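With our numbering applied, the sequence shown corresponds to residues 3 to 187, in that order. Where a beta carbon is used, it is the ideal one built from N, C-alpha and C, also for glycine. This structure is a prediction, so every number in the text was calculated from the model and none was measured. What follows is one structure encoded as structure tokens, with my remarks underneath.
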Amino acid sequence: MVWRIDRKFRILHIGCGSSQMSMQLYDMGYKNITNVDYSQVLIENSQSLYPNMKRVYDDIRSLATIPSCSFDVVLEKATIEALLVKEKSPWSSSEEALATVESIFKAVARVLTSDGVFVSISFIQPYFRVPALLRVRDWSVTVKDFGEFFQYFIYVMQRGKGAPREMIERYAHIAPQWSRPLLNK
Numbered sequence: 003m004v005w006r007i008d009r010k011f012r013i014l015h016i017g018c019g020s021s022q023m024s025m026q027l028y029d030m031g032y033k034n035i036t037n038v039d040y041s042q043v044l045i046e047n048s049q050s051l052y053p054n055m056k057r058v059y060d061d062i063r064s065l066a067t068i069p070s071c072s073f074d075v076v077l078e079k080a081t082i083e084a085l086l087v088k089e090k091s092p093w094s095s096s097e098e099a100l101a102t103v104e105s106i107f108k109a110v111a112r113v114l115t116s117d118g119v120f121v122s123i124s125f126i127q128p129y130f131r132v133p134a135l136l137r138v139r140d141w142s143v144t145v146k147d148f149g150e151f152f153q154y155f156i157y158v159m160q161r162g163k164g165a166p167r168e169m170i171e172r173y174a175h176i177a178p179q180w181s182r183p184l185l186n187k
């Protein structure tokens, strides 16, 4: 999806950890990147590698230090999976897991511009992830899969578009716990 992200866009990489993704994007010409993680150590350690790239210590469930409508693109790569690692089954998620995902999506929607894009790279199958993503009313959801034997998915959500009714109906019955009433924002 890199080819669709303009190099001048303001990019927020949430849950960056020790991922090389931001550095690779920076080397490709994407210079306006802010990395967020709740590990102060990882933030400090990575600062020396790319001193011109901004880093912020924050919790992705709130993004409290990030102003509203301040980013064109928000990226995450397997961060949501890391926060849900204690879940026993994706078919029956705990209230804590639902609240975590809901707070992340609310925070992401808040910091995105009115037509901003949220890109989520994940190993989670669409029948679990899409119902959760559809909880935010005003973003569209598209899915691309990659790999033959070890598949991963890129979920792209754009604010201001809204999901097609067919998609909502298709996924509403698959993971009913994830598709609780859609959020307003």
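What are the start and end residues of the alpha helix (DSSP H) that includes GLU83? Position 81 of the sequence shown holds residue 83. 81-85 is the span of the alpha helix (DSSP H), which, as asked, contains GLU83.
Is there a Cβ of chain D sitting closer than 7 Å to that of VAL103, yes or no? Going by chain labels, chain D is absent from the structure shown, which holds only one protein chain.
Do SER122 and GLU89 have their C-beta atoms within less than 7 Å of each other? Here the question's residue 122 lines up with position 120 in the sequence shown. Here the question's residue 89 lines up with position 87 in the sequence shown. Not in contact: SER122 and GLU89 (Cβ atoms no closer than 7 Å).
Buried or exposed: which applies to TRP141, given that a residue is buried once 16 or more other Cβ atoms fall within 10 Å of its Cβ? Working through the sequence shown from its first residue, we reach residue 141 at position 139. TRP141 should be labelled buried.
Keeping to the same chain, check which residues put their C-beta closer than 7 Å to that of GLY9; ignore five residues upstream and five downstream. Position 7 of the sequence shown, counted from the start, is the residue given in the question as residue 9. According to the sequence as given, residue 9 is Arg; it is not Gly. By the criterion of a C-beta distance shorter than 7 Å, ARG9 is surrounded in its chain by GLY31, TYR32, once the five residues flanking it on both sides are discounted.
Along the alpha helix (DSSP H) that carries GLN24, what are the first and last residues, could you check? The residue labelled residue 24 in the question sits at position 22 within the sequence shown. The question names Gln, but residue 24 is Ser in the sequence shown. Its alpha helix (DSSP H) spans residues 23-29.
Neighbour-count burial assignment, GLY162, 16 or more Cβ in a 10 Å radius: Translated into the one-based positions of the sequence shown, residue 162 becomes position 160. GLY162 should be labelled exposed.
Along the chain, which unbroken stretches of the beta strand (DSSP E) at least 3 residues long are found entirely within the region 99-131? Taking only runs of at least 3 residues, the beta strand (DSSP E) segments lying wholly in the region 99-131 are 114-124.
Tell me whether ALA165 is buried or exposed, calling it buried when 16 or more other Cβ atoms sit within 10 Å of its Cβ. On the sequence shown, position 163 is the one that residue 165 refers to. In this structure ALA165 is buried. Its beta-carbon is surrounded by 16 or more other beta-carbon atoms within 10 angstroms.
Output yes or no for whether 7 Å exceeds the beta carbon distance between TYR157 and VAL145. Here residue 157 refers to the residue found at position 155 of the sequence shown. Here residue 145 refers to the residue found at position 143 of the sequence shown. Yes; because the gap between Cβ atoms is below 7 Å, this pair is in contact.
Among the candidates PHE73, ARG57, TYR59, whose CA atom is the shortest distance from the CA of ASP117? For the purposes of this step, residue 117 is identified with residue 115 of the sequence shown, where counting begins at 1. For the residues PHE73, ARG57, TYR59, the minimum Cα distance to ASP117 belongs to PHE73.
Please confirm if the region 101-109 is in contact with the region 40-59, defined as three or more CB-CB distances below 8 Å between the two stretches. Per the Cβ contact rule, the region 101-109 is not in contact with the region 40-59 (fewer than 3 Cβ pairs under 8 Å).
Please work out which residues of its chain come closer than 6 Å, Cβ to Cβ, to ILE45, disregarding the five sequence neighbours upstream and downstream, and give them in chain order. Within the sequence shown, residue 45 is the residue found at index 43, counting from 1. Around ILE45: ASP39, ARG57, TYR59.
Do PHE130 and MET159 count as a contact pair if the criterion is CB distance below 7 Å? Locating residue 159 in the sequence shown gives position 157, where the first residue counts as 1. Locating residue 130 in the sequence shown gives position 128, where the first residue counts as 1. Not in contact: MET159 and PHE130 (Cβ atoms no closer than 7 Å).
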